[in-house]
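Participant: Numbering (our numbering) for the sequence shown: 20 to 302.
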Amino acid sequence: MSTSLDHVLISRSPLVDPAPVVVDSPHSGTDYPPDFSYICDLQSLRQAEDTHVDRLVADAPSCGAWWLAALFPRSYIDPNRSVSDMDPGLLDGLWPEAEVFRERAQLGQGLIRSIGRPGEPVYGRKLKLNEVRHRVAHYYQPYHEALTALVDEVRARFGVVYLLDCHSMPSLGQPADPEGEGPGADFVLGDRDGTTCAGDFTALVEETLTARGYSVARNDPYKGVEIVRRYGKPHRNRHALQLEINRALYMNERTFEKTPGFESLQADLTHLIATLCTFARSG
Ligand SMILES: [Zn+2]
20 MSTSLDHVLI SRSPLVDPAP VVVDSPHSGT DYPPDFSYIC DLQSLRQAED
70 THVDRLVADA PSCGAWWLAA LFPRSYIDPN RSVSDMDPGL LDGLWPEAEV
120 FRERAQLGQG LIRSIGRPGE PVYGRKLKLN EVRHRVAHYY QPYHEALTAL
170 VDEVRARFGV VYLLDCHSMP SLGQPADPEG EGPGADFVLG DRDGTTCAGD
220 FTALVEETLT ARGYSVARND PYKGVEIVRR YGKPHRNRHA LQLEINRALY
270 MNERTFEKTP GFESLQADLT HLIATLCTFA RSG
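(1) Could you compute how far the alpha carbon of ILE134 sits from the alpha carbon of TYR159?
(2) Ignore the nearest five residues each way along the sequence and tell me which others in ALA84's own chain have a CB closer than 7 Å to its CB.
(3) Once the 5 residues before and after THR294 are set aside, which same chain residues still bring their CB inside 8 Å of it?
(4) Looking at the strands, I want to know which residues DSSP matches up with HIS186.
(5) Do PRO98 and ILE19 come within 8 Å of each other at the CB atom, strictly closer than that value?
(6) With a cut-off of 8 Å on the beta carbons, I'd call LEU308 and VAL141 a contact; round off their distance for me.
(7) Just to confirm before moving on: does the CB-CB distance between PHE220 and TYR181 stay below 8 Å?
(8) Figure out for me which residue from GLN128, LEU24, ALA299 and ARG300 has the closest Cα to the Cα of PRO161.
(9) Measuring straight from C-alpha to C-alpha, what distance separates GLY203 and ARG266?
(10) Can you list, in chain order, the residues of its chain whose CB lies under 7 Å from that of LYS277, leaving out five sequence neighbours each side?
(11) Less than 8 Å between the C-beta atoms of LEU262 and LEU183, yes or no?
(12) Does DSSP put HIS71 in a helix, in a strand, or in coil?
(13) Can you tell which of GLY192, VAL35, ARG174 and LEU28 has the C-alpha that lies nearest to the C-alpha of SER81?
(14) In the DSSP assignment, what are the bridge partners of ALA88?
(15) Just to confirm, does ASP69 get its C-beta within under 7 Å of one of the non-hydrogen atoms of ligand 1?
(16) Under 7 Å: does the beta carbon of HIS163 sit that close to some heavy atom of ligand 1?
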């Protein structure tokens, strides 16, 4: 079954014997809403996308997993941030939820992105509170409502749920230093230092990828943000792991085009999800 929610998201159910596995891609959307009104170069804004990640893991339903992807760009509003992770300087009023500690907003990468390339502001004006409220109500919340419904349904039906939250990372640079060194690995697994899932889930993903010849790091430089934090409650049999995929494996990072490596990586990720489904069914 395929369902779409306006221009917000698309989801698919398992096509074979279901397993308690949900695969989501919150950052691969490329439908730029007409009211975005950014002033920076679109190419620099697109650097924030996890382009093609939805397609890399699109065979999840054929393995027995649920699949969910956002259609809107994360630079418009980011489902992998908390509503409090907001730069107050972006707004023409007070954001009641804003916290003193803003995990990513201080880097220009909060709920609403403020920086394209380093030093290049996304907007030439302050955003109205109502604009941001609209983005929360019509994009951010529906994504989380859909993901919550899936995770809750699977957990109720099977007694356990495994969420694989899929992203991509630039081959060069890191969040705090966009022009510095790259992540130094093909994949980075983020379980917020072992707090968002059982260790055997992280170990299974690491071993499966390593056996296919990839280099895998844990929690450095990406430990997972809002989605694994919100959905990962291992003591309640809710396990969430963030998977960061190095873009150099499958795309030209300047033109956004797929490279010949895309197909073999896609096959390896399908193998990973099938392996995870087998593990989850037996658990
Ligand atoms: Zn991402």
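Cβ atoms here follow ideal geometry from the backbone N, Cα and C, with glycine treated the same way. Everything numeric in this text was worked out from a predicted model, so none of it was measured.
Facilitator: Checking against the coordinates, here is how it stands:
(1) Locating residue 134 in the sequence shown gives position 115, counting from the first residue. Locating residue 159 in the sequence shown gives position 140, counting from the first residue. Approximately 19 Å between the Cα atoms of the pair.
(2) Working through the sequence shown from its first residue, we reach residue 84 at position 65. Excluding residues within five positions, the ones whose Cβ falls inside 7 Å are PRO33, ALA38, VAL40, VAL41, VAL42, ILE292 and CYS296.
(3) Here residue 294 corresponds to residue number 275 of the sequence shown, with the count starting at 1. Around THR294: LEU223 and THR227.
(4) For the purposes of this step, residue 186 is identified with residue 167 of the sequence shown, where counting begins at 1. In the DSSP output, where bridge partners are listed per residue, HIS186 has GLU263.
(5) Nothing can be reported for residue 19: it is not among the residues displayed for the chain, which extend from 20 to 302.
(6) Outside the shown range of the chain (20 to 302) lies residue 308, about which nothing can therefore be said.
(7) For the purposes of this step, residue 220 is identified with residue 201 of the sequence shown, where counting begins at 1. For the purposes of this step, residue 181 is identified with residue 162 of the sequence shown, where counting begins at 1. Contact: yes.
(8) Along the sequence shown, read from residue 1 onward, the residue named residue 161 stands at position 142. Each of GLN128, LEU24, ALA299 and ARG300 was checked against the Cα of PRO161, and the nearest Cα belongs to LEU24.
(9) In the sequence shown, the residue the question calls residue 203 occupies position 184. In the sequence shown, the residue the question calls residue 266 occupies position 247. Each residue's Cα considered, the two are about 12 Å apart.
(10) Along the sequence shown, one-based indexing puts residue 277 at 258. Only HIS71, TYR269 and MET270 meet the Cβ criterion.
(11) Here the question's residue 262 lines up with position 243 in the sequence shown. Here the question's residue 183 lines up with position 164 in the sequence shown. Yes, the pair counts as a contact, with Cβ atoms nearer than the cut-off.
(12) The residue you call residue 71 lines up with position 52 of the sequence shown. Coil, per DSSP.
(13) Counting from 1 along the sequence shown, the entry for residue 81 is found at position 62. Among GLY192, VAL35, ARG174 and LEU28, the Cα nearest to that of SER81 is on VAL35.
(14) Taking the first residue of the sequence shown as position 1, residue 88 is located at position 69. For ALA88, which the question treats as bridged, DSSP gives the partners ILE29 and SER44.
(15) For the purposes of this step, residue 69 is taken as residue 50 along the sequence shown, with counting starting at 1. At least one heavy atom of ligand 1 lies closer than 7 Å to the C-beta of ASP69.
(16) To locate residue 163, count along the sequence shown from 1; it is residue 144. Because no heavy atom of ligand 1 lies under 7 Å away, the Cβ of HIS163 does not count as near it: no.
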